[in-house]
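Comments concern the structure below.
2 protein chains.
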Amino acid sequence: MSSATYDVLGIGNAIVDIMARTEDDFLVAHGMAKGGMALIDEARAAAIYGAMGPAMEISGGSAANTIAGLANFGARAAFVGKVRDDHLGRAFRHDIRAVGVAFDTPAAGNGAATACSYILVTPDGERTMNTYLGAAQSLAPDDIDPAAVAAARFTYLEGYLWDPPRAKEAFLKASAIAHGAGREVALTLSDSFCVDRYRDEFLSLMRTGAVDLVFANEAELHALYGTSDFDGALTQLQKDVRLAVVTRSEKGCIVAAPGGLTPVPAHPIKELVDTTGAGDLFAAGFLFGLVNGAGHAAAAQLGALAAAEVIQHIGARPQTSLKALAEAEGLLPA
Amino acid sequence: MSSATYDVLGIGNAIVDIMARTEDDFLVAHGMAKGGMALIDEARAAAIYGAMGPAMEISGGSAANTIAGLANFGARAAFVGKVRDDHLGRAFRHDIRAVGVAFDTPAAGNGAATACSYILVTPDGERTMNTYLGAAQSLAPDDIDPAAVAAARFTYLEGYLWDPPRAKEAFLKASAIAHGAGREVALTLSDSFCVDRYRDEFLSLMRTGAVDLVFANEAELHALYGTSDFDGALTQLQKDVRLAVVTRSEKGCIVAAPGGLTPVPAHPIKELVDTTGAGDLFAAGFLFGLVNGAGHAAAAQLGALAAAEVIQHIGARPQTSLKALAEAEGLLPA
């Protein structure tokens with residue numbers, strides 16, 4: 000196995016977040032499931048935007064946030080995702096490249112606009128996402144550069160890729176290339192509603208070894224096994240995948256390996272502002288730890304640190320140096 | 000004089016801010032005068048954007064921020080400014096209308112893109128602005144609706160309007176209409192470099208009574224009178240305009256009326272994040288006080304409260320209810 004060019008290559012929906020604070024009433028009035036991600040069409044997007052408060056536009060996308068976080072930590076990172084050659088597409092490209100990520104997927108020259116997610120943040124800090132997939136729908140296997148995937152120690156994939164029609168083919172192509180090159184493949188389950196849509200396929204990916212590492216939160220874990228029995232689901236997860244991390248918000252996380260379970264507490268915060276990107280940044284910190292030889296507990300601490308940074312401001316990308324934060328906390332791998 | 004439809008009508012450059020955190024080195028390397036507003040062309044905009052870090056896009060514009068702040072307080076507010084019918088123009092229109100501001104200036108259907116300001120926020124919270132005026136350049140007297148101006152208790156104008164070629168004509172037209180209808184006219188001096196460019200014209204506006212109320216910060220006051228003698232400049236300002244407020248960051252502000260000077264302390268903050276919009280929101284609170292019958296000191300306290308909210312997060316528009324904040328602090332006029 001040759002030495003890696005990238006620590007992590009991520010594949011996901013390239014999305015710009017259009018974020019506004021709102022009251023819970025707004026979610027009820029617009030029939031939104033609080034805390035979830037709903038796919039919307041153009042008409043629904045226009046209706047939501049027309050009704051929502053003043054917004055700010057910040058690059059997002061689940062795997063893209065993770066990759067941006069990795070680069071912010073100092074990792075060598077690349078991203079694959081589809082934008083249109085429009086204003087939001089240029090903003091997405093600027094923002095991910097500006098943090099040092101290699102992002103070379105060509106923009107679509109026609110068709111739907113760059114994906115955006117209308118994210119409503121309630122006073123409790125919870126985010127509710129309404130995603131118009133637009134150009135992200137057109138991600139296809141041809142967008143996967145085999146050499147780039149083979150040169151990445153980890154390929155990181157989001158469960159949301161099961162939504163666009165051909166992105167799952169791209170996902171499976173990347174997974175096969177990565178494993179063929181002796182690399183590892185990580186998957187985030189993304190969202191409990193997403194797990195509901197693709198439960199059997201996600202379980203199959205895990206059980207056939209197409210993925211080596213799974214990130215899930217509590218709701219996604221419960222959805223995956225159709226149970227509210229956390230401990231039972233965790234035991235099953237341990238059997239189904241080589242390594243998994245289950246995040247539990249302020250209760251911290253549990254790393255589930257064949258050898259046992261390692262609980263790690265959440266990183267303390269001053270004020271919860273916006274949970275958008277919490278799971279994405281946890282994954283960034285954990286992967287940064289792994290590629291730098293940290294043990295599971297230390298990697299989870301880095302994940303908790305990165306998640307704590309991102310939930311204390313609006314937006315799903317870090318606004319400060321995670322590397323400097325980790326150094327200040329004595330968490331930087333030697 | 001008929002009853003007013005609007006408490007305040009603002010006229011200014013309609014701008015979307017493209018904001019990024021940066022180190023001081025970046026400003027030096029790119030020849031930027033820290034804390035100032037520089038006008039840039041498309042080529043310079045592309046160079047700055049290409050070099051700057053990950054950004055977020057948030058509606059801005061000095062007078063527009065003030066008007067958005069007024070609406071957030073619960074005032075009846077309107078704005079006049081020119082955007083293009085492009086992505087940023089639609090975002091600007093959405094954001095200002097979403098907070099309840101009447102904004103009906105038609106978008107330009109061709110020509111330059113919607114104005115944007117590349118704003119670099121250094122670790123000390125100071126902002127340095129690089130503004131591409133674009134479509135804002137085309138604001139013209141025809142964009143001023145005489146009935147709307149005549150129906151506003153205050154017309155609020157930004158000194159930055161002296162930069163676009165015909166906006167100053169729009170400014171003077173609005174001032175004349177307002178005074179003809181027995182209304183008042185307020186001006187913010189905007190920026191010390193802007194004052195350097197238009198010192199004589201600003202002094203003439205004040206001395207001829209074209210403006211009744213002036214907002215300035217310390218640097219703008221010094222620039223206006225070409226002196227570093229604060230007390231001397233303040234005395235001169237008292238003579239040149241009926242009412243003025245000089246803001247002094249953490250030192251609070253001084254209301255200068257013919258009858259005397261009223262110093263008011265700054266509102267306490269937890270953490271300075273980004274000074275963008277501090278002066279704009281001070282003006283919003285002060286004007287909200289005036290139109291609701293508050294005295295000068297009480298109006299200045301409302302200004303200080305609004306400024307304190309906006310400097311504790313990224314972006315120049317309030318992210319919480321100023322009305323609720325004022326109520327909680329017992330500052331809401333009866």
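Residue numbers (numbering that gives the first Met the number 0), protein chains in the order written: chain A, 0 to 333; chain B, 0 to 333. The C-beta atom is built at its ideal place from N, Cα and C for all residues, glycine as well.
Between the CA atoms of residue j and residue i - distance to the nearest angstrom
{"i": "E139/A", "j": "E168/A", "result": "Here the sequence assigns Ala to residue 139/A, which means Glu is not the residue at that position. Taking the straight line from one Cα to the other gives about 7 Å."}
{"i": "G179/B", "j": "A149/B", "result": "8 Å"}
{"i": "F72/A", "j": "I57/A", "result": "19 Å"}
{"i": "G34/A", "j": "E125/A", "result": "6 Å"}
{"i": "T130/A", "j": "S174/A", "result": "25 Å"}
{"i": "P164/A", "j": "L132/A", "result": "11 Å"}
{"i": "A50/B", "j": "T4/A", "result": "24 Å"}
{"i": "L188/B", "j": "A54/A", "result": "28 Å"}
{"i": "Q311/B", "j": "G181/B", "result": "38 Å"}
{"i": "V245/A", "j": "N291/A", "result": "21 Å"}
{"i": "D94/A", "j": "A323/B", "result": "35 Å"}
{"i": "A111/B", "j": "Q136/B", "result": "8 Å"}
{"i": "A333/B", "j": "F229/B", "result": "35 Å"}
{"i": "A286/B", "j": "A232/B", "result": "Note that residue 286/B corresponds to Leu in the displayed sequence, not to Ala. So the alpha carbons of these two residues sit roughly 23 Å apart."}
{"i": "D40/A", "j": "D162/A", "result": "13 Å"}
{"i": "A297/B", "j": "L330/B", "result": "7 Å"}
{"i": "F170/A", "j": "V309/A", "result": "27 Å"}
{"i": "M205/B", "j": "P122/A", "result": "44 Å"}
{"i": "S337/B", "j": "L212/B", "result": "Nothing can be reported for residue 337/B: it is not among the residues displayed for chain B, which extend from 0 to 333."}
Pick from the options that is closest to residue i, judged by C-alpha positions
{"i": "G52/B", "options": "A166/A, V100/A, R75/A and A37/A", "result": "V100/A"}
{"i": "P262/B", "options": "L271/B, I268/B and G251/B", "result": "G251/B"}
{"i": "D103/B", "options": "G80/B, D24/B and L87/B", "result": "G80/B"}
{"i": "A299/A", "options": "S248/A, E270/A and T319/A", "result": "S248/A"}
{"i": "A256/A", "options": "H266/A, I268/A and L236/A", "result": "L236/A"}
{"i": "L160/B", "options": "A44/B, T275/B, Q311/B and A63/B", "result": "A63/B"}
{"i": "R20/A", "options": "T319/B, L330/B and L324/B", "result": "T319/B"}
{"i": "A146/B", "options": "S1/B, A303/B and P122/B", "result": "S1/B"}
{"i": "G208/A", "options": "S191/A, E217/A and L242/A", "result": "L242/A"}
{"i": "L87/B", "options": "C115/B, A74/B, V254/B and E217/B", "result": "C115/B"}
{"i": "P105/A", "options": "A315/A, R198/A and R83/A", "result": "R83/A"}
{"i": "E328/B", "options": "V120/B, L171/B, L301/B and M205/B", "result": "L301/B"}
{"i": "L260/B", "options": "D40/B, E270/B, T226/B and H295/B", "result": "H295/B"}
{"i": "T275/A", "options": "M128/A, G9/A and Y48/A", "result": "M128/A"}
{"i": "I313/B", "options": "G284/B, N109/B, A277/B and H29/B", "result": "A277/B"}
{"i": "R96/A", "options": "A13/A, R43/A, Y48/A and E200/A", "result": "A13/A"}
{"i": "V120/B", "options": "E22/B, R92/B and A44/B", "result": "E22/B"}
{"i": "G258/A", "options": "I47/A, T226/A, T234/A and L271/A", "result": "T234/A"}
{"i": "I253/B", "options": "S227/B, K269/B and E217/B", "result": "E217/B"}
Beta-carbon spacing of residue i, residue j below 7 Å
{"i": "F214/A", "j": "A166/A", "result": "no"}
{"i": "D273/B", "j": "T65/B", "result": "no"}
{"i": "V27/A", "j": "A67/A", "result": "no"}
{"i": "D239/B", "j": "A222/B", "result": "no"}
{"i": "A90/B", "j": "V15/B", "result": "yes"}
{"i": "S61/B", "j": "E219/B", "result": "no"}
{"i": "Y155/A", "j": "A185/A", "result": "yes"}
{"i": "L289/A", "j": "A305/A", "result": "no"}
{"i": "M18/A", "j": "I143/A", "result": "no"}
{"i": "R152/B", "j": "D24/B", "result": "no"}
{"i": "A307/B", "j": "G59/B", "result": "no"}
{"i": "A70/B", "j": "A76/B", "result": "yes"}
{"i": "H266/A", "j": "A293/A", "result": "no"}
Under 7 Å by beta carbon: chain A residues contacting residue i
{"i": "R20/B", "result": "Q318"}
Amino acids of chain B, ordered along the chain, whose beta-carbon sits closer than 8 Å to that of residue i
{"i": "A90/A", "result": "A54 and E56"}
heavy atom of the ligand MN below 6 Å from residue i C-beta
{"i": "G52/B", "result": "The model on display carries no ligand, and the ligand MN is accordingly not part of it."}
Cross-chain neighbours of residue i in chain A, by beta carbon under 8 Å
{"i": "L87/B", "result": "H86"}
Interface partners of residue i on chain B, CB under 9 Å
{"i": "Y117/A", "result": "Result: empty, since nearest Cβ-Cβ is about 11 Å, beyond 9 Å."}
Chain-ordered neighbours of residue i on chain A, where CB pairs are closer than 9 Å
{"i": "V51/B", "result": "Note on residue identity: the sequence assigns Met, not Val, to residue 51/B. Going along chain A in sequence order, the residues near M51/B (Cβ under 9 Å) are H93 and A97."}
Beta-carbon neighbours of residue i, restricted to chain B and to distances below 7 Å
{"i": "Y48/A", "result": "H93"}
Any chain E beta carbon closer than 7 Å to residue i
{"i": "G276/B", "result": "You won't find chain E in this structure, because its protein chains are A and B."}
Closer than 8 Å between beta carbons: that is the criterion. Which residues of the segment 89-108 of chain A meet it against chain B? A90, H93, D94, I95, A97 and V98
Under 8 Å (Cβ pairs) to chain B, residues found in the segment 304-331 of chain A: H312, I313, G314, R316, Q318 and T319
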